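For reference, the structure discussed in these notes is given below.
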Amino acid sequence: MRSFEEIYADVPAEQREALRQFRADHPERTLDHDGTTWRYVVSGDDAAPPLLLLVGGLREADAAHANIAALSDTFRVITPSYPALGTMNALADGLSAILTHEGAVPAQVLAGSFGGMLAQIFIRRHPALVAKVVLSTTAVFDAASVERYRQALAMVEPLPDDEVAAMAKQMMFATMQPPPDKHAFYRAYLDELYSYRVDKAGIVSLYRALLDFADHGAMAERWAGDVLILESDDDATFDESIRARVRGLYPGASHYTFHGAGHSPATTQRELYFNVVKNFLTGGADNG
Numbered sequence: 069m070r071s072f073e074e075i076y077a078d079v080p081a082e083q084r085e086a087l088r089q090f091r092a093d094h095p096e097r098t099l100d101h102d103g104t105t106w107r108y109v110v111s112g113d114d115a116a117p118p119l120l121l122l123v124g125g126l127r128e129a130d131a132a133h134a135n136i137a138a139l140s141d142t143f144r145v146i147t148p149s150y151p152a153l154g155t156m157n158a159l160a161d162g163l164s165a166i167l168t169h170e171g172a173v174p175a176q177v178l179a180g181s182f183g184g185m186l187a188q189i190f191i192r193r194h195p196a197l198v199a200k201v202v203l204s205t206t207a208v209f210d211a212a213s214v215e216r217y218r219q220a221l222a223m224v225e226p227l228p229d230d231e232v233a234a235m236a237k238q239m240m241f242a243t244m245q246p247p248p249d250k251h252a253f254y255r256a257y258l259d260e261l262y263s264y265r266v267d268k269a270g271i272v273s274l275y276r277a278l279l280d281f282a283d284h285g286a287m288a289e290r291w292a293g294d295v296l297i298l299e300s301d302d303d304a305t306f307d308e309s310i311r312a313r314v315r316g317l318y319p320g321a322s323h324y325t326f327h328g329a330g331h332s333p334a335t336t337q338r339e340l341y342f343n344v345v346k347n348f349l350t351g352g353a354d355n356g
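Residue numbers for the sequence shown follow my numbering, so the first one is 69 and each next one is one higher.
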């Protein structure tokens, strides 16, 4: 097994040390729920308003270490890593168990991409646990999207582990579209992630959860709480037709559109992104 220093050797020192220090300062907590061990990190003042931060397809809490740092001055941030569960109900129930265990209810929710899909099930399945929700660059699938994920799952399942890992590294980097000054960091992070932390079972479970989301009956239910929808006008992962489906499901939501920010505006336009998020969660509303 390669060391942290070997994997991150080509990463700028400031970025490398920020991740190392985050891991040192935020030991994982664990909670057993319904036969599954959940891992999560907590950051911020215990007396601050609780915020459930849901990461995307990278699955691991420390994938959001920079975002956690940007939020923990205002919120008590609880960030789970996702176990290899293939249904949204099982994932949502695990989130409920963590928030209840931490005494962090009701919580604000900030969720992007895959995390935004999970959040849409969570707020319907456990509405009493949620104060406000921010859905960032996420989706409500159409038939074409569902078919693509079905084909992807069928392609991945028979492949050997090393081929699945190599494919995941390439696909996730392309999806994230990080800015050039973060290329080395995210290539190293994805190398570590899929070499040692997320195995084929975890990748397969992600596709199964995506397909479960597409067929989930709870999505027919309306959510009456406060919602902010964040989009990028050049999101190559979820095009305008998919983004419109999200807007259509939450007719009373506030909206903000980032311009030229790609699929990951929290990375590409950090200052603006977190200003918009904090303004909404602490009482304001942004429309743009």
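The beta-carbon is built from N, C-alpha and C at its ideal position, and this holds for glycine as well. On a predicted model such as this, the values are computed, not experimentally measured, just so you know.
The three-state secondary structure of residue 350, taken from DSSP, is coil. Secondary structure note for residue 314: its alpha helix (DSSP H) is the uninterrupted segment 308 to 317. Per the DSSP secondary-structure output, residue 237 pairs with nothing in a beta bridge. Across the structure, residue 76 and residue 256 are spaced so that their CA atoms are roughly 6 angstroms apart. Cα atoms of residue 131 and residue 259: separation of roughly 13 angstroms, rounded to the nearest angstrom. Within the model, the alpha-carbon separation for residue 280 versus residue 155 is close to 6 angstroms. Distance check between residue 177 and each of 220, 123, 229 places 123 closest, using alpha-carbon atoms only.
Here DSSP, grouped into helix, strand and coil, assigns residue 194 to coil. The continuous alpha helix (DSSP H) containing residue 224 extends over residues 211 to 224. DSSP links residue 200 through a beta bridge to 294.
Where residue 180 is concerned, the enclosing beta strand (DSSP E) starts and stops at 175 to 180. In the DSSP assignment, residue 248 falls outside any alpha helix (DSSP H), carrying neither H nor E. In the DSSP annotation of this structure, the continuous segment of the alpha helix (DSSP H) that includes residue 159 starts and ends at 156 to 169.
In chain order, 300, 326, 341 place their CB closer than 6 angstroms to the CB of residue 333, counting only its own chain and leaving out the 5 sequence neighbours on each side. Secondary structure note for residue 133: its alpha helix (DSSP H) is the uninterrupted segment 133 to 139.
A Cβ-Cβ contact shorter than 7 angstroms links residue 144 with residue 112.
Inter-segment contact for the stretch 183 to 196 and the stretch 286 to 297 is present: three or more beta-carbon pairs are separated by less than 8 angstroms. Classified as buried, residue 161 has 16 or more neighbouring CB atoms from the shown chains inside 10 Å of its CB. Counting the other CB atoms within 10 Å of its CB gives residue 74 a total below 16, which places it among the exposed residues.
Residue pairing by DSSP places residue 113 opposite no residue, since no beta bridge is assigned to it.
Pairing residue 175 with residue 195, the inter-Cα distance amounts to about 10 angstroms. Rounded to whole angstroms, the gap between the alpha carbons of residue 224 and residue 211 is 20 angstroms.
In its chain, beyond the 5 residues on either side, 143 have a beta carbon closer than 6 angstroms to the beta carbon of residue 117. Bounds of any alpha helix (DSSP H) do not take in residue 118; it lies within the beta strand (DSSP E) bounded by 118 to 122. Restricting attention to 251, 329, 273, the CA atom closest to the CA of residue 80 is found in 251. When DSSP reads this structure, residue 105 sits in a beta bridge with 100. Residue environment for residue 209: buried (at least 16 other C-beta atoms within 10 angstroms of its C-beta). Beta-bridge analysis with DSSP links residue 263 to no other residue. Within the same chain, and ignoring the five residues on either side of residue 264 in sequence, the residues whose Cβ sits closer than 7 angstroms to its Cβ are 69. In terms of Cβ geometry, residue 262 and residue 242 do not form a close pair [threshold 7 angstroms].
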